[in-house]
Amino acid sequence: MPPQKKEWRTLKVAGIYLAAGQNRRPAARTSMPAIRENTSGSAAVSELERCGLEPLVVVVRAGDRLEWLPTGREQGNVRTETCLTAHLGLSFSLRCGLNAVLPLQPDAVIIAQADQPYITASIVSRLMETFERSPELDYVSSAAEGAGMPTALYSKVMFPALAEMDDDGGAAGILHSADYKGVVLPVVSPMGFWEEGICKDTREFTALWSERNIK
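Numbered according to the working numbering, the sequence shown spans residues -13 to 201.
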C-alpha cells in the first residue's frame, strides 16, 4: 500500500494583527515610496486573510474608523477588536488580541505588528508549515525588519508568556530565552530588490518578493 500523503493544516492557528499602536520607528527611507504604500495595513490584512487563520483578529485603537481595512472583510474570518489601553504600549494591544482568540482554543497563533513592513501570505505560510512539520517547537519566527516585533508563530504553550510580556523586554526577550525552543526563518529583505534596480514597479516587486520568500 503506498504511503498516505500527510494532510497539512491539521492544527488550528489563529492570527493577531497589531494595528493599535503609535508608530515609533524612525521614518522609512524614501527610496521606495510605492512599496511603502503597498505595505499598508490593508495589504497586510489581505495577505493574512489568505492564510486560513481561525480567526484573524485585527487589534485597533479606540476611534479608529477602520477605513483602511480591505472591503468585504465581514464575509471572511476577520474581526476587529478595539483596545482601549493601546496607548499604554504594545503589550496591552497584544493581551487584547490574545483575550479575543483564546476562547477558541487555537493550537498556535500568528502575531504580526503593523510596524513590520511587507507581511505576505508566503512568509506566514512558511511559519505555519514549519510548525506543522515540527509541532514540538515553541515558536517559529521570521527575521525582524527594523526594530518592531517580528512576525512569528507561537504555540499554545507560549500563550502565558505572551500575556505577561512587557514593553521593555518585548518579544525579543521571549525569542532569545533559553527556556523556549524555536527557529528563525531567513527572509529576503525588500530593500535590496528596490535599491539594486531589480524591480521597477510595485507589481513586479510583489511577485518577486513572494517568490523569494516561499521556501
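Just so it is clear, CB atoms sit at the ideal spot from N, CA and C, and this is done for glycine as well.
Predicted model only: the values in this text are computed from it and were never measured.
Counting beta carbon pairs with one atom in the stretch 86 to 101 and one in the stretch 136 to 143, are three or more of them shorter than 8 Å?
Contact holds: three or more Cβ-Cβ distances are below 8 Å.
Return helix, strand or coil for Cys69, following the three-state DSSP convention.
Strand at Cys69.
Could I get the ranges of all uninterrupted beta strand (DSSP E) runs contained in the stretch 47 to 121, with 3 residues as the minimum, in chain order?
Taking only runs of at least 3 residues, the beta strand (DSSP E) segments lying wholly in the stretch 47 to 121 are 64 to 69 and 94 to 99.
To the nearest angstrom, report how far apart Phe145 and Ala164 are at their CA atoms.
Phe145 and Ala164: Cα-Cα distance of roughly 17 Å.
In whole angstroms, give me the CA-to-CA distance for Ser120 and Ala107.
Put simply, the backbone Cα of Ser120 is about 20 Å away from that of Ala107.
Alpha-carbon spacing of Ala6 relative to Gly156, whole angstroms:
Going by the C-alpha atoms only, they are around 16 Å apart.
Look at the Cβ atom of Thr66, then the Cβ atom of Val46, and state whether they are nearer than 8 Å.
Yes, the Cβ-Cβ distance between Thr66 and Val46 is below 8 Å.
Unbroken beta strand (DSSP E) run spanning Gly168, endpoints
Run containing Gly168: Gly168 to Leu171, per the beta strand (DSSP E) assignment.
What's the call for Leu113, buried or exposed, on a 16-neighbour Cβ count within 10 Å?
Here Leu113 is buried: its Cβ has 16 or more other Cβ atoms, across all protein chains shown, within 10 Å.
Is Ala129 helix, strand or coil by DSSP?
Ala129 carries a coil assignment under DSSP once its states are collapsed to helix, strand and coil.
So Val31 and Val64 are supposed to be a Cβ contact under 8 Å. How far apart are they, rounded?
About 7 Å separates the two Cβ atoms, so the contact holds.
For Gly1, the nearest candidate out of Thr57, Trp54, Ile105 and Leu70 (CA to CA)
For the residues Thr57, Trp54, Ile105 and Leu70, the minimum Cα distance to Gly1 belongs to Ile105.
What did DSSP end up calling Ala29 once you bin it into helix, strand or coil?
If DSSP states are grouped into helix, strand and coil, Ala29 belongs with the helices.
Going by the DSSP bridge assignment, what does Leu42 pair with across the sheet?
Per DSSP, the beta bridge partners of Leu42 are Gly1 and Val64.
Please classify Pro89 as buried or exposed, where buried requires at least 16 other C-beta atoms within 10 Å of its C-beta.
Label assigned to Pro89: exposed.
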